[in-house]
Amino acid sequence: MIHKFSLKGDFTFHKSNSVTVTNSINIIRPLGYLDFLQLMSNAKFILTDSGGIQEETTILNIPCLTLRENTERPVTVREGTNTIVGTDPQKIISESIKILEGQPKIGRIPKLWDGKAAERIVNILEDALY
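Numbering follows my numbering, in which position 31 of the sequence shown is assigned residue number 69; successive positions increment by one, without gaps.
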């Protein structure tokens, strides 16, 4: 899209095999899950259309702007750090500026997002089988 809208001159590009923090766009090779999680955990905020990332940013307490008109993860909007901004450039920019100016959406980790789902499932299965 940067090329399509003739914005290449507005950015400095760096091709790299590692993640670096610069005031530019870094083109990096695909990351493994843990490396990507580390990248997200150090972000000021995240722009995404991924439902999984909406959940992960809520857990990490990182503001998330979802570039869609809806989400299959509404709890991330109701309780988490996710804001749906759609595809309107002005809304994306205004919400981004709020975050950069220190006014991010304050969320909380939703009920039962405690990492103990497997334990609860085993307890339910044991109760049902015994």
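Backbone N, C-alpha and C define an ideal beta-carbon position, used for all residues, glycine too. Bear in mind that the values here come from a model prediction, so they are computed numbers and not experimental data.
Unbroken alpha helix (DSSP H) runs of no fewer than 4 residues, entirely contained in the segment 91 to 130, are found at 113 to 116, following chain order. With 16 or more other CB atoms across the displayed protein chains lying within 10 angstroms of its CB, Arg111 is buried. For Gln128, the closest of Leu103, Gly118 and Val115 by C-alpha to C-alpha distance is Leu103. For Ile84, there is no enclosing alpha helix (DSSP H); the residue is found in the beta strand (DSSP E) stretching over Ile84 to Thr86. If the five residues before and after Ser88 are omitted, its C-beta is found closer than 8 Å to no C-beta atom of its own chain. With contact defined as three or more Cβ pairs closer than 8 Å, the segment 152 to 160 and the segment 121 to 137 are not in contact. Taking a C-beta distance under 7 Å as the contact criterion, Thr114 and Lys143 do not qualify as a contact pair.
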